[in-house]
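First comes the structure, then the notes that go with it.
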Amino acid sequence: GRERPSGLPGSSLAILEGRHRAVGGNALRAAVLGANDGLVSNLSLVMGVAGADLAPKAILLTGIVGLLAGSLSMAMGEWLSVQSARELFEHQIRIEREELIAFPEEEREELELIYRAKGVSADTARELADRLIREGAPALGTLVREELAIDPEELGGSAWEAAIASFLLFSIGAIVPVLPYIAWGGIPAAVASVVLSGLALFLLGAGITVITGRSALRSGLRQVLIGLAAAAITFGVGRLFGVALAG
C-alpha cells in the first residue's frame, strides 16, 4: 500500500481516501443514471407507439425524436443546475471576502478555531491564523474550504462540460431501443428492441455495483425488471389507445 504522509493521523488519511472514492463513485453513478434514464424513457416511448401498431418508420422517427428531446432536456437541466450552483458558490465566496475585510479579527478567530479542531496546539493555531490574515488570499481560501466546504478552484465544475456529458450519456442509453428499427419492423424489431434493452439494463445495473458493493446479478435483474415493467405499461397503454382510435 501507499506510505502514510508524515504526521497524518490514520483517521484523517481514511477521510481523504474516502473523498477520493466518493468522487469516483459519484462520476460512475452519474454516468449510469444518465444512460439508464435515456434507455428506460426511450424504450418506454418506443414500446408505447409500437403497442399502438404504428408503421416501423413512424416508430423509428418517434424514437429518434425522443432521443433528441430527452438529451437536450437533460443537457439544459444539467447546465442550469451546475451554473446555478457555481453562481451560488461565487456569491458565498464574495460574502466571505467582504467579511474578511470588514471583520478581520472575527475571521482570525474562526481560522484559529479551525486549526484547533484539527488538533493543532493553541499557540501554533494562533500563529497560523495571524499569518493567513496578514496574507489575505490564503485566509480566504482556507475559510472557503473549511467553513463553506467549497473548493474555489473548482466551483462545481464546468456547466458546459456537464451539459455535454449529460447529452452524450442520455443519447447512448436512448439509442439502444431504437437500433432494431433501423433494420427491421413489426414484431421482430419490437422483440429485438426489448432483448437488446434488457441486456443493456442488466449491464447498467451490474455496473453500479462497483460502488454499491451489492450483488451484480441481483442489481442487474432488478434494473431489467424495472425497465421492462415501464415498457410493458406504455405498450399496454399504446395498445389500448391504438385499438380505441382504430375503432
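Sequential numbering from 149 applies to the sequence shown in this note's numbering. Positions of the beta carbon are idealized from the N, C-alpha and C atoms, including for glycine. Just so we're clear, the structure is a prediction, and the values are computed from it rather than from any experiment.
Counting C-beta neighbours from all protein chains within 10 Å, is the total for residue i 16 or more, i.e. buried, or is it exposed?
{"i": "Gly334", "result": "exposed"}
{"i": "Ala270", "result": "exposed"}
{"i": "Leu291", "result": "buried"}
{"i": "Met224", "result": "exposed"}
{"i": "Phe251", "result": "exposed"}
{"i": "Ala277", "result": "buried"}
{"i": "Thr382", "result": "buried"}
{"i": "Ser232", "result": "exposed"}
{"i": "Ile262", "result": "buried"}
{"i": "Gly182", "result": "buried"}
{"i": "Trp227", "result": "buried"}
{"i": "Glu254", "result": "exposed"}
{"i": "Glu260", "result": "buried"}
{"i": "Val339", "result": "exposed"}
{"i": "Leu388", "result": "exposed"}
{"i": "Leu236", "result": "exposed"}
{"i": "Ala322", "result": "buried"}
{"i": "Gly386", "result": "buried"}
{"i": "Leu347", "result": "exposed"}
{"i": "Ala392", "result": "exposed"}
Rounded C-beta distance between residue i and residue j? I'm assuming under 8 Å.
{"i": "Asp185", "j": "Phe318", "result": "6 Å"}
{"i": "Gly211", "j": "Gly390", "result": "Actually they are not in contact, since the Cβ atoms of Gly211 and Gly390 sit about 17 Å apart, beyond 8 Å."}
{"i": "Gly355", "j": "Val188", "result": "That belief does not hold up - the Cβ atoms of Gly355 and Val188 are roughly 15 Å apart, past 8 Å."}
{"i": "Gly375", "j": "Leu349", "result": "4 Å"}
{"i": "Ala378", "j": "Ser192", "result": "5 Å"}
{"i": "Ala310", "j": "Val230", "result": "4 Å"}
{"i": "Val372", "j": "Gly353", "result": "7 Å"}
{"i": "Glu213", "j": "Val326", "result": "The sequence given here places Val at residue 213; Glu does not occur at that position. Contact flag wrong, Cβ pair sits at about 10 Å."}
{"i": "Ala273", "j": "Leu248", "result": "Between Leu248 and Ala273 the Cβ distance is about 18 Å, and since that is not below 8 Å, they are no contact."}
{"i": "Ala313", "j": "Arg234", "result": "Ala313 to Arg234, Cβ: 16 Å. No contact."}
{"i": "Leu208", "j": "Ile320", "result": "Not really, about 18 Å apart at Cβ, beyond 8 Å."}
Checking contacts by CB at 7 Å: is residue i closer than that to chain D?
{"i": "Gly334", "result": "In summary, chain D is missing from the structure at hand, where a single protein chain is found."}
May I ask you to verify whether the region 289-299 touches the region 241-249, counting CB pairs closer than 8 Å and requiring at least 3?
-> yes
Count the CB pairs spanning the region 358-376 and the region 213-222 that are closer than 8 Å, and state whether there are at least three.
-> The region 358-376 vs the region 213-222: no contact.
Can you check the region 253-328 for any beta strand (DSSP E) of at least 3 residues that lies completely inside it and give the ranges in chain order?
-> none
Kindly confirm or deny that the region 191-208 and the region 320-334 touch, where touching means at least three C-beta pairs closer than 8 Å.
-> yes
Which runs of the alpha helix (DSSP H), 4 residues or longer, sit entirely within the region 179-217?
-> Secondary structure within the region 179-217: not one fully enclosed alpha helix (DSSP H) run of 4 or more consecutive residues is present.
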